[in-house]
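One structure is given here, and the rest of the page talks about it.
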Amino acid sequence: RELIAYAPDGIFVLDPQAKVLDVNGAGEELLRHGREDIVGHSFMEFVPPDRLETAHTYLMDRLKGLRATELYEATLAASDMKPVHVQLRSQVVRPADAEPYVVYIARDVTAQREALRQLVETERWASMGRLASFVAHEINTPLTNISLLTASISRRVSDPEIQERVKKIAAQGRIAANITGELLKFARPGAINPVETELTDLIRAAVEQTDVFRKPGVELRDETGTRSVVCTVDPMRIQEVFVNLLKNAYEATPRGRVRIRLQDLGSLVAVSISDTGSGIPPEVQSRLFEAFFTTKKKGEGTGLGLAICRNFVASHGGDITLTSEPGKGSTFTVVLPKQAPGVRATE
Numbered sequence: 001r002e003l004i005a006y007a008p009d010g011i012f013v014l015d016p017q018a019k020v021l022d023v024n025g026a027g028e029e030l031l032r033h034g035r036e037d038i039v040g041h042s043f044m045e046f047v048p049p050d051r052l053e054t055a056h057t058y059l060m061d062r063l064k065g066l067r068a069t070e071l072y073e074a075t076l077a078a079s080d081m082k083p084v085h086v087q088l089r090s091q092v093v094r095p096a097d098a099e100p101y102v103v104y105i106a107r108d109v110t111a112q113r114e115a116l117r118q119l120v121e122t123e124r125w126a127s128m129g130r131l132a133s134f135v136a137h138e139i140n141t142p143l144t145n146i147s148l149l150t151a152s153i154s155r156r157v158s159d160p161e162i163q164e165r166v167k168k169i170a171a172q173g174r175i176a177a178n179i180t181g182e183l184l185k186f187a188r189p190g191a192i193n194p195v196e197t198e199l200t201d202l203i204r205a206a207v208e209q210t211d212v213f214r215k216p217g218v219e220l221r222d223e224t225g226t227r228s229v230v231c232t233v234d235p236m237r238i239q240e241v242f243v244n245l246l247k248n249a250y251e252a253t254p255r256g257r258v259r260i261r262l263q264d265l266g267s268l269v270a271v272s273i274s275d276t277g278s279g280i281p282p283e284v285q286s287r288l289f290e291a292f293f294t295t296k297k298k299g300e301g302t303g304l305g306l307a308i309c310r311n312f313v314a315s316h317g318g319d320i321t322l323t324s325e326p327g328k329g330s331t332f333t334v335v336l337p338k339q340a341p342g343v344r345a346t347e
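This is the structure:
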């Protein structure tokens, strides 16, 4: 019994109905529950709703003597409702004078799973960056030729109808050039040039720059305050982040309010941009920072804006998060260290 009590892995003893008969200390830590909140309760209470069927099937199979050697990958729900990924081994014990019980040995592999996810994500972004860079370079050459040719035709031809058509061709060429510029910005963000920057100045500049996108029925509530907040950042990149987020907020809000708020958190600073627009469905939220993913109509966006924002913020050692409720609006929060690790202000 002492071996079980001090085992590094979570150990749960279940009856055939999945009621927990016993648990060790590691199991309590795994679920972040006290013993009294686990023993006597169904083990299925600690399984996310979308995993209940597979968890029940696994228990029934084990009681039938099946899947004895299987290392079962399971997900449990801790007291804070955060998922805990475990590798589960089990043993069925069949006493001669009592009903059988099942011993679950659960090893927490959440950190390993997260490390693997980050590795896959890094490799995926690197591959997308290489592809974007290749495409942008291949398209830029003919776009440059189109620009030169339209300029040449415009100088040589005086016919108004032809001049108008040449202008339209040149305008479409500029749109395509902007897209390739976004591709290169995403593919090769380059080194940042950090300087000590008054963050409120960047926010006010972004507010002025995006005012053209604000509809008549939309109120801007500026809650940045007058207190000085200095961060070591690349001002051009961080201002571009604020511009992008404000522009998106205005576009999502036909009527209502957009609010920008600045919070000094000691060694960190948080800038949140909220809107009272239509909100973002959960299935879209999970993909919103993916490159080339967009909810806008065809021709209205490249799907790179938020991906570039995330890259810029990450290059400063920061993070950008989203909270949204359909029908009530969204809030994007940019958290930046005042002095990012390994980043020094240029003289």
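With this note's numbering as the guide, the letters of the sequence shown map in order to residues 1 to 347. Note that the Cβ used here is the ideal one computed from N, Cα and C, for glycine as well.
Taking the alpha helix (DSSP H) that residue i falls in, what are its first and last residues?
{"i": "Q239", "result": "235-251"}
{"i": "L308", "result": "Sequence check: residue 308 is Ile here, not Leu. Element bounds for I308: 305-315."}
{"i": "I4", "result": "2-5"}
Inspect the beta-carbon positions of residue i and residue j and report whether they are closer than 7 Å.
{"i": "V13", "j": "V103", "result": "yes"}
{"i": "E196", "j": "T226", "result": "no"}
{"i": "P235", "j": "L265", "result": "no"}
{"i": "V47", "j": "V20", "result": "no"}
{"i": "R259", "j": "S274", "result": "yes"}
{"i": "G173", "j": "L148", "result": "no"}
{"i": "R32", "j": "S79", "result": "yes"}
{"i": "P348", "j": "L63", "result": "The chain is shown only over 1 to 347; residue 348 falls outside these bounds and no answer can be derived."}
{"i": "V241", "j": "E198", "result": "no"}
{"i": "A74", "j": "V86", "result": "yes"}
{"i": "T180", "j": "N140", "result": "yes"}
For residue i, name the three-state secondary structure that DSSP assigns.
{"i": "F289", "result": "coil"}
{"i": "L21", "result": "strand"}
{"i": "T210", "result": "helix"}
{"i": "P54", "result": "It is Thr, not Pro, that sits at residue 54 in the sequence shown. Residue state, collapsed to three classes: helix."}
{"i": "E347", "result": "For E347, the predicted structure reports a pLDDT of 47, less than 50, and the residue's modelled location is therefore unreliable. The matter cannot be settled from this model."}
{"i": "V135", "result": "helix"}
{"i": "V335", "result": "strand"}
{"i": "T321", "result": "strand"}
{"i": "I203", "result": "helix"}
{"i": "I179", "result": "helix"}
{"i": "A77", "result": "strand"}
{"i": "R221", "result": "strand"}
{"i": "G329", "result": "strand"}
{"i": "V229", "result": "coil"}
{"i": "S42", "result": "strand"}
{"i": "S274", "result": "strand"}
{"i": "P282", "result": "helix"}
{"i": "I192", "result": "coil"}
{"i": "R48", "result": "According to the sequence shown, residue 48 is Pro rather than Arg. DSSP places P48 in coil when its eight states are reduced to three."}
{"i": "K168", "result": "helix"}
{"i": "P142", "result": "helix"}
Write down the C-beta distance between residue i and residue j rounded to the nearest angstrom, noting that I regard them as a contact closer than 8 Å.
{"i": "S330", "j": "A206", "result": "Not really, about 17 Å apart at Cβ, beyond 8 Å."}
{"i": "R107", "j": "D9", "result": "5 Å"}
{"i": "L246", "j": "T200", "result": "Not confirmed; about 15 Å, so no contact."}
{"i": "L288", "j": "H316", "result": "Contact flag wrong, Cβ pair sits at about 20 Å."}
{"i": "T333", "j": "A270", "result": "6 Å"}
{"i": "G217", "j": "R255", "result": "4 Å"}
What are the boundary residues of the beta strand (DSSP E) that includes residue i?
{"i": "R261", "result": "256-264"}
{"i": "S267", "result": "Run containing S267: none; DSSP gives neither H nor E here."}
{"i": "V92", "result": "83-93"}
{"i": "R107", "result": "101-108"}
{"i": "L66", "result": "From DSSP, L66 is part of no beta strand (DSSP E); its letter is neither H nor E."}
{"i": "G10", "result": "10-14"}
{"i": "E36", "result": "Per DSSP, E36 belongs to no beta strand (DSSP E) and is neither H nor E."}
{"i": "V157", "result": "Segment: none, V157 is in no beta strand (DSSP E) and carries neither H nor E."}
{"i": "V195", "result": "195-198"}
Answer yes or no: the CB of residue i versus the heavy atoms of the ligand GTP, is any distance below 6 Å?
{"i": "L31", "result": "Annotation note on the ligand GTP: not contained in the displayed structure, which lists no ligands."}
- prompt: Counting Cβ pairs, one atom from each stretch, are 3 or more of them under 8 Å apart for the segment 132-141 and the segment 77-94?
  reply: The segment 132-141 makes no contact with the segment 77-94, as fewer than three CB pairs between them are under 8 Å.
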